[in-house]
Amino acid sequence: MRRPALSIRIPLWLLLPFLFGCAASFLHYYDPTTYKNLTDLKPKVALLYESFEEEEIDVRTIRQVRLEMGQAYEYEKGKGEKNQETTKQIGLILQMFSLHVEDRKKNGKWSEAHIQNLWENMEEAFDIAIATERLKNENR
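Be aware that the sequence shown starts at 0, since it is given in numbering that gives the first Met the number 0, and climbs by one per residue.
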């Protein structure tokens with residue numbers, strides 16, 4: 000009676016490598032945290048820029064976005080040399096954001112055309128960072 004139990008175990012052992020192979024196809028070569036950070040920040044910055052046509056600036060939101068960008072940058076920087084491209088791109092986004100906020104503070108509220116111009120630049124920077132992270136998946 001023990002033979003049938005043994006015959007059931009053998010196919011399970013043969014099945015395990017197949018199951019592990021299937022599970023491996025679900026692994027990400029890009030970092031889902033990086034992707035989430037970028038795709039979460041992009042609409043937050045867009046909404047903030049839209050508010051720059053108002054008299055008052057939302058200092059609390061600016062601080063929050065700056066904090067999240069800084070965290071995203073430090074996260075990327077902590078991944079080391081192999082992650083230079085994404086780290087550099089997020090650094091550029093952070094620089095652009097800081098320059099844009101300083102421009103808003105110094106020169107007052109923005110016109111719709113100015114918002115559109117600066118947002119297009121920022122949107123392109125985000126898209127490059129997102130594409131850079133996505134390319135890591137395609138290059139594997």
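No residue lacks a Cβ here, since even glycine has one placed at the ideal position from N, Cα and C.
Which residue wins for smallest C-alpha separation from residue i, given the options the options?
i, options, result
"L91", "G69, F51, G107", "G69"
"K104", "P31, L37, E55, D30", "E55"
"F96", "E75, K78, E119", "E119"
"E53", "E84, Q94, S110", "S110"
"I127", "T85, I61, P31", "T85"
"V58", "Y72, L134, E101", "E101"
Does DSSP put residue i in a helix, a strand or coil?
i, result
"V75", "Checking the sequence, you will find Glu at residue 75 rather than Val. Helix at E75."
"G171", "Residue 171 lies beyond the residue range present for the chain, which begins at 0 and ends at 139; the question has no answer from this structure."
"K35", "helix"
"L18", "With a pLDDT of 49 at L18, under the threshold of 50, the predicted position of this residue should be treated as unreliable, though the coordinate-derived value follows. Three-state result, L18: helix."
"F25", "Residue placement at F25 cannot be trusted, given a pLDDT of 46 that sits under 50; what the coordinates show is reported in the next sentence. Residue state, collapsed to three classes: coil."
"A130", "helix"
"K105", "helix"
If you check the beta carbons only, do residue i and residue j fall under 8 Å apart?
i, j, result
"Y48", "L117", "yes"
"V44", "M121", "yes"
"K41", "F125", "yes"
"L37", "E123", "no"
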